[in-house]
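K.L.:
Pasting a structure here, questions to come.
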Amino acid sequence: MEQERPPSKWKNILDKLRNLGQISPDKTRRTILRRRYYVALISRRLTLIEIILFLIGYLWLLVLPLPRLGQRTYMDENALQPAQVNTYWNWDDVHAADNYLDHVERLRDNNITSAKRAEWLQTELGKHGISASTQNYTFSTSFGIVNGTNTYAILASPRHSGTEAIVISASWISRIGEGNGTVNVRGVSTVLALAGFLKRYSHWGKDIVFVLSDGYLEGMQAWLSSYHGTSQSGLKVDPLELTSGVIWTALNIDYSGHSFSHLGIFFEALNGRLPNQDLMNSADTIARYTAGVPVILYDHLDPEEEPAAYEAPWWLPKAIHDIKEVRSYLYQAKNVARHIGYQYNGRGSGVHGLFRQFRIDAITLYGIPAMGPHGFHAIGRTVESTLRTMNNLLERLHASFFFYLQTGPRQFLKIGLYLPSAILISVALMFRGLGTWVNAGWISANHNSKDGALSKESTWRSRKRPITGTLSVMIAMHAFGAALFALVSSSWFISNIETLAPIAFLTAFVLPLFALVIPSTKSEDVAPMHMILKTANLCLTSTVISIITLMNFSLAAVLAVVLGIPLVISSPSSKMSVRIAKYSAYALLALGWLLFAQQEIVKSVWSWQVLLVWFAPFVCIVYVPLVLQAGIVCLLQP
Amino acid sequence: MSSKPQPPSSSPPPNNNFAVAFCALAAARTWLSLTGFSSLLDHNQLVSSPLTAFSNLKEGIFLFNHDIDPYSGGSFRQSPLLLSLFTTILPSSSKPLASLLWTLNDVVGAYTLVQIWRSRQNVTSSRRDTLVAAAYLLNPYLFLPSLALSTSSFENTLMLSAILFACKRKPSQTVFTLSVLVQLSLTSIIMVLPAMLLLITDPHSHLASPQPIQTSLRKLWPLFGEFSLYTIVLILISTVIAGSWTWIPQTWGATLMLPDLTPNTGMWWYFFTEMFDHFRPFFLMVFSVHLLIYVAPVCLKFQYDPLYAAYILLGILGIFKPYPTLSDPGLFVSMIALFPETYQYMRHPIVTLLLHLHAALLMPLFYDLWVVQGAGNANFFYASTLVFACANGAAIVDALWSGLRVAIGETPEGYVVVQE
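Here the protein sequences line up with chains H and L, keeping their order. Quick note: the first sequence, position 189, residue 191 per the numbering used here, numbers continuous. Quick note: the second sequence, position 65, residue 47 per the numbering used here, numbers continuous.
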């Protein structure tokens, strides 16, 4: 008895162990059935899933400005300690600034050349005992030659070896009207007066670099690229005689009106980049609590703080816009729309935008032109205290956010709250692409029966999905986009844009019509080309949108809105007239800018050639081919 | 299906076409290497690792020429064989010359791949030759490291040459090439067994007819002996070149001890930056042994087609080796061109392709966000290398599945093949 019991126990365990590794046919059958069930579940509801994804994505884009969605900004880097110092900028310094203002206004009114002006600025900076110098630059672009002279001065840090630096800058042309020629007279005077003022104090642990750049953006681009030793085709620039350490932060002052009522903060950098949020938060805190100036985003007045300046939109009934939430939503929506407008085309919102490409966090403080109450006294104190804050930094700004969506001066969304909107739309595109791919691989055996609805017993045969033809079409379209870009960015095109743009449109419109002569696949065992082209086009578009979200969220959101539904609904038709009509709609979506946005073409090409903003090549080489391929899907024979 | 060798095509036109197309591809690559584009990649960590970077090689050559032991510092980690090659026979002083040399190396690699294809099909030329050559020469994972003059391109060419020699049944050449390869990169040692199995069997596709290996495995012993002999001789030569044994901890030791945590496309660096020091030796051992455990199962499973086993192991090496560059997974991706018989059984090629597309765009973007713009951090880049590893993993899983699935053939109506 004693001998029998243990073996039976062991045998049981061994049997169990043996059975563990083996799967019964019944279990396998269940696995197969379960897998089929779920695949069928998803593929049958694919359209519904897509519609839901699209709806959530688009709704998400609409609710981004909701006041309850965002959160308050906060200081993240403890070293900054904003608004914790006594400021010394006083009425003497304001008087000095006023004296400079007289001179600068005379320079403006007498139409003095850049070189003469720079000479005077250099002399004035030198009078404070700061080493100052000038720098000539020349951009040769498709628009002709742009040249000018920058002035800059370096205040060596009394407490440190000058391995790091802070830049205070003012461009000669103000941002008013996107640099239409208003001179930034008070900004330049502030920098001149600050140079003399800051020299008197010994608490600087970083070199302070004063840059008075010529022009609106081009001067600072020339100065920065020669400071960082980068070369750029078409730019000829004098080497800098004076240099300092690594620039960590920069503050650009734009103050051209008589006085200002609010300080507006502009922060969008080139190519969709953003400065660290701590810099904006410091400037905001300091302006509010040290200088007593209200701070706003851009030049948008908050309806809650300035009810007098608020105008209700005409299309909204009074009863609705009396609700506080609605007013906040509209205000924040205005901020978000302005942000998207600055960011999607990569051009940024001003001179501060040029710094980020060299890893420098920079913002512009913009005095909103008004008849009062603030002036040199307030801006001087703000800049002095902000400099003291930046002077506290022991390492680059890194603690706070680099990915944020500012909905108000003290209100923002984290990346997790805004990114999913565009990503969901790109996922919907990907689902449709993969669904089309799966559909292309099968054909119903009784395909030819004219019953309409397929009987349940219909069998499915797999068919081939050749990709070489589709790939060659796509490569040809993208090469065509590159050629279009070469044409659009040539000086010949830019100088005759009004006549050449419609011609370019017609050419680009006609060329893809070659798709009409591509024969349809004769055999039923080969998937038609339009399905494969649609798959490839949707998958590529989805990838492009989701990758771009991290580089430039606004561009990704615009792409998601413009490309989302149009690309999904592209399909061929048996009627020639319908095919041509559908294609024309896509061609208009792809190339309409050639007809209707010639001013934008000029601006984008200028930004590409001078500031290396990649929006223009992106539109020509990526966007146009993607939309035209959707058009070709419609042209191909079903 | 090419389980049976295709009849040799005797018509000369395809052959001429191949020659013309191959020359055109080579010319295109030469032009690409001489444009200024390559200067953008000089300090890119995706295309060259601390063990393969050209800048490190130049530094080693400089120190060597000035009678300073290049292995006494921590920057030069390439083999003494490369050092002697570049200080004596192949001067690499000028960048254009070096670019041409690297391009030539890639052209040789592409031709070797075409030869492997031909010997697998047992033909002297085929229509697919151009495609195979293009798969090697136009693969961005391969030509970007080559433009950046990463020495991993030489490792790839040596690997392909070893496989070709094995296909042509040339034992001494195979074993010698392998031992040179192991000198350059220690992890390639896992390729020794499949290459030798290939040597004692044949390179033709037997995926459709699996069977136990026919030849006696005893034939492997002399090959292993020869391999050890060559390796010992090469070690001695390296020691004579370097003047001391210090090269061993600096080159092979780096593969095992991971002293340099410069980010790359692989899985190791981030793991070991996060690791507490007292766990380090244990996990170094685990990661190193982990590479070895794949050899036996893969070679056992594909004993009837060792070339396929070599292909799978190259893919595994591309994911899990300690200092990979893009050219390691790139070699696996290009070798897919050798096995058209598996294409129709792949389960998710489009998913793999899309994963690769995402990874290929995300890696440079996140690298730029972290290192250049400073807006991101190491987690961003590591996340993108994980996507890359998933892409390569998906490709290997699909290669394994389709390689085994070929044997079952077309399923009759109403039957499904499942994996248990």
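Think of the CB as a built atom: it goes at the ideal place given N, C-alpha and C, for glycine as much as any other residue. Keep in mind that this is a model prediction, so the values were computed, not measured.
Whose Cβ in chain H lies nearer than 8 Å to the Cβ of residue 400 of chain L?
P.N.:
By one-based count along the second sequence, residue 400 of chain L stands at place 418. The contacting residues are 30, 33, 34.
K.L.:
Quick one: what does DSSP say residue 455 of chain H is sitting in, helix, strand or coil?
P.N.:
Counted from its first residue, the first sequence places residue 455 of chain H at position 453. Summary for residue 455 of chain H: the model assigns pLDDT 48, below 50, so the residue's position carries little reliability; its value from the coordinates is reported in the next sentence. In this structure, residue 455 of chain H counts as coil in the three-state DSSP scheme.
K.L.:
For residue 451 of chain H and chain L, any beta-carbon pair shorter than 8 Å?
P.N.:
Here the question's residue 451 of chain H lines up with position 449 in the first sequence. Unreliable positioning characterises residue 451 of chain H in this predicted model, as indicated by a pLDDT of 46, which lies under 50. A coordinate reading is not provided.
K.L.:
For a minimum of 4 consecutive residues, which ranges assigned as the alpha helix (DSSP H) are wholly contained in the stretch 56 to 140 of chain H?
P.N.:
93 to 111, 116 to 129
K.L.:
Taking C-alpha atoms, which residue in L:297, L:306, L:392 lies nearest to residue 380 of chain L?
P.N.:
Within the second sequence, residue 380 of chain L is the residue found at index 398, counting from 1. For the residues L:297, L:306, L:392, the minimum Cα distance to residue 380 of chain L belongs to L:297.
K.L.:
Since residue 149 of chain H is in the beta strand (DSSP E), which residue starts that stretch and which ends it?
P.N.:
Along the first sequence, one-based indexing puts residue 149 of chain H at 147. Here the beta strand (DSSP E) through residue 149 of chain H covers 146 to 157.
K.L.:
Look up residue 237 of chain H in the DSSP assignment and say whether it is helix, strand or coil.
P.N.:
As a position in the first sequence, residue 237 of chain H is number 235, starting the count at 1. Three-state result, residue 237 of chain H: strand.
K.L.:
Quick test of your reading: residue 539 of chain H and residue 632 of chain H, contact by CB under 8 Å. State the CB separation rounded to the nearest angstrom.
P.N.:
As a position in the first sequence, residue 539 of chain H is number 537, starting the count at 1. As a position in the first sequence, residue 632 of chain H is number 630, starting the count at 1. With a Cβ gap of about 6 Å, residue 539 of chain H and residue 632 of chain H count as contacting.
K.L.:
For the beta strand (DSSP E) containing residue 471 of chain H, list its first residue and its last residue.
P.N.:
As a first step, residue 471 of chain H must be located in the first sequence, where it is residue number 469. From DSSP, residue 471 of chain H is part of no beta strand (DSSP E) but of the alpha helix (DSSP H) over 470 to 490.
K.L.:
Considering only the alpha carbon of each residue, which of H:213, H:537, H:624 lies closest to residue 478 of chain H?
P.N.:
On the first sequence, position 476 is the one that residue 478 of chain H refers to. It is H:624.
K.L.:
Could you tell me whether the Cβ atoms of residue 348 of chain H and residue 196 of chain H are closer together than 8 Å?
P.N.:
Against the first sequence, residue 348 of chain H aligns to sequence position 346. Against the first sequence, residue 196 of chain H aligns to sequence position 194. Not closer than 8 Å, so no.
K.L.:
Quick check: what's the CA-CA separation for residue 395 of chain L versus residue 324 of chain L?
P.N.:
Reading the second sequence from its first residue, position 413 is the one you call residue 395 of chain L. Reading the second sequence from its first residue, position 342 is the one you call residue 324 of chain L. Each residue's alpha carbon lies about 21 Å from the other.
K.L.:
If the criterion is Cβ atoms closer than 8 Å, does the pair residue 215 of chain H and residue 174 of chain H meet it?
P.N.:
Position 213 of the first sequence holds residue 215 of chain H. Position 172 of the first sequence holds residue 174 of chain H. Contact flag set, yes.
K.L.:
By the criterion of Cβ-Cβ separation under 9 Å, what are the contact partners of residue 340 of chain L in chain H?
P.N.:
Within the second sequence, the letter at position 358 stands for residue 340 of chain L. Result: 545, 548, 549.
K.L.:
What is the rounded straight-line gap between the Cα of residue 366 of chain L and the Cα of residue 208 of chain H?
P.N.:
As a first step, residue 366 of chain L is located in the second sequence; it is residue number 384 there, counting from the start. As a first step, residue 208 of chain H is located in the first sequence; it is residue number 206 there, counting from the start. Approximately 36 Å between the Cα atoms of the pair.
K.L.:
CB-CB under 8 Å to residue 323 of chain H, same chain, minus the five flanking residues each way: which ones, in chain order?
P.N.:
For the purposes of this step, residue 323 of chain H is taken as the residue at position 321 of the first sequence. Excluding positions up to five away in sequence, the list reads 314, 315, 329, 332.
K.L.:
Give a single yes or no on whether residue 412 of chain H has its beta carbon closer than 7 Å to a heavy atom of the ligand MN.
P.N.:
In the structure on display, the ligand MN does not appear, and there are no ligands present to speak of.
K.L.:
Within the 8 Å Cβ cut-off, does residue 332 of chain L reach chain H?
P.N.:
Locating residue 332 of chain L in the second sequence gives position 350, counting from the first residue. Answer yes: the Cβ-Cβ gap between residue 332 of chain L and chain H drops below 8 Å somewhere.
K.L.:
Would you verify that the beta carbon of residue 533 of chain H is, or is not, closer than 8 Å to some beta carbon of chain L?
P.N.:
Reading the first sequence from its first residue, position 531 is the one you call residue 533 of chain H. No, because no Cβ of chain L sits closer than 8 Å to the Cβ of residue 533 of chain H.
K.L.:
Terminal residues of the continuous beta strand (DSSP E) containing residue 168 of chain H?
P.N.:
The residue you call residue 168 of chain H lines up with position 166 of the first sequence. Residue 168 of chain H -> beta strand (DSSP E) spans 166 to 173.
K.L.:
Which same chain residues end up closer than 7 Å to residue 419 of chain L when comparing Cβ atoms and leaving out the 5 residues on each side of it in sequence?
P.N.:
Coverage of chain L is limited to positions -17 through 402, which leaves residue 419 of chain L absent and any answer about it impossible.
K.L.:
Span of the alpha helix (DSSP H) holding residue 264 of chain H?
P.N.:
Position 262 of the first sequence holds residue 264 of chain H. Element bounds for residue 264 of chain H: not the alpha helix (DSSP H) but the beta strand (DSSP E), 261 to 268.
K.L.:
Please confirm whether residue 48 of chain H has its beta-carbon closer than 8 Å to some beta-carbon of chain L.
P.N.:
By 1-based counting over the first sequence, the position of residue 48 of chain H is 46. Not one chain L Cβ lies under 8 Å of residue 48 of chain H.
K.L.:
Does any CB atom of chain L fall closer than 8 Å to the CB of residue 275 of chain H?
P.N.:
Here residue 275 of chain H refers to the residue found at position 273 of the first sequence. Yes, residue 275 of chain H lies at the interface with chain L (some Cβ there is under 8 Å from its Cβ).
K.L.:
Residue 473 of chain H: buried (16+ other C-beta within 10 angstroms of its C-beta) or exposed?
P.N.:
Position 471 of the first sequence, counting from 1, holds the residue named residue 473 of chain H. Result: exposed.
K.L.:
Just list the residues that DSSP pairs residue 207 of chain L with in beta bridges.
P.N.:
Here residue 207 of chain L is taken as the residue at index 225 of the second sequence, counted from 1. BP columns for residue 207 of chain L are empty, so no partner.
K.L.:
From residue 301 of chain L to residue 160 of chain L, what distance separates their C-alpha atoms?
P.N.:
One-based indexing of the second sequence puts residue 301 of chain L at position 319. One-based indexing of the second sequence puts residue 160 of chain L at position 178. The alpha-carbon atoms of residue 301 of chain L and residue 160 of chain L are separated by roughly 20 Å.
K.L.:
Starting from residue 369 of chain H, trace the beta strand (DSSP E) both ways and give me its first and last residue.
P.N.:
Here residue 369 of chain H corresponds to residue number 367 of the first sequence, with the count starting at 1. Looking at the DSSP string, the run of the beta strand (DSSP E) that includes residue 369 of chain H is 363 to 372.
K.L.:
When the Cα atoms are used, what is the spatial distance from residue 421 of chain H to residue 259 of chain L?
P.N.:
For the purposes of this step, residue 421 of chain H is taken as residue 419 along the first sequence, with counting starting at 1. For the purposes of this step, residue 259 of chain L is taken as residue 277 along the second sequence, with counting starting at 1. About 37 Å.
K.L.:
Take the Cβ of residue 264 of chain L as the centre, count every other Cβ of all protein chains shown within 10 Å, and call the residue buried at 16 or more, exposed below.
P.N.:
Locating residue 264 of chain L in the second sequence gives position 282, where the first residue counts as 1. When all chains shown are included, residue 264 of chain L counts as exposed.
K.L.:
Go through its chain and collect everything with a Cβ distance to residue 199 of chain H's Cβ below 7 Å, but skip five positions before and after it.
P.N.:
By 1-based counting over the first sequence, the position of residue 199 of chain H is 197. Correct list, in chain order: 91, 95.
K.L.:
Under a three-way DSSP split, which group does residue 134 of chain L fall into?
P.N.:
What you label residue 134 of chain L is simply residue 152 of the second sequence in a count that begins at 1. Three-state result, residue 134 of chain L: helix.
K.L.:
Work out the CA separation of residue 158 of chain L and residue 141 of chain L for me, nearest whole Å.
P.N.:
Against the second sequence, residue 141 of chain L aligns to sequence position 159. Against the second sequence, residue 158 of chain L aligns to sequence position 176. Using only the alpha carbons, I get a separation of about 11 Å.
K.L.:
Excluding the 5 residues preceding and the 5 following residue 277 of chain H in the sequence, name in chain order all residues of the same chain whose CB lies nearer than 7 Å to its CB.
P.N.:
As a working mapping, residue 277 of chain H is identified with position 275 in the first sequence. Closer than 7 Å at the Cβ level, and outside the excluded window around residue 277 of chain H, lie 269, 271, 358, 363, 364, 365.
K.L.:
Please report the residue range of the beta strand (DSSP E) in which residue 210 of chain H lies.
P.N.:
As a working mapping, residue 210 of chain H is identified with position 208 in the first sequence. Per DSSP, residue 210 of chain H belongs to the beta strand (DSSP E) from 209 to 215.
K.L.:
Starting from residue 254 of chain H, trace the beta strand (DSSP E) both ways and give me its first and last residue.
P.N.:
Residue mapping note: residue 254 of chain H aligns to position 252 of the first sequence, counting from 1. Segment 248 to 256, the beta strand (DSSP E) holding residue 254 of chain H.
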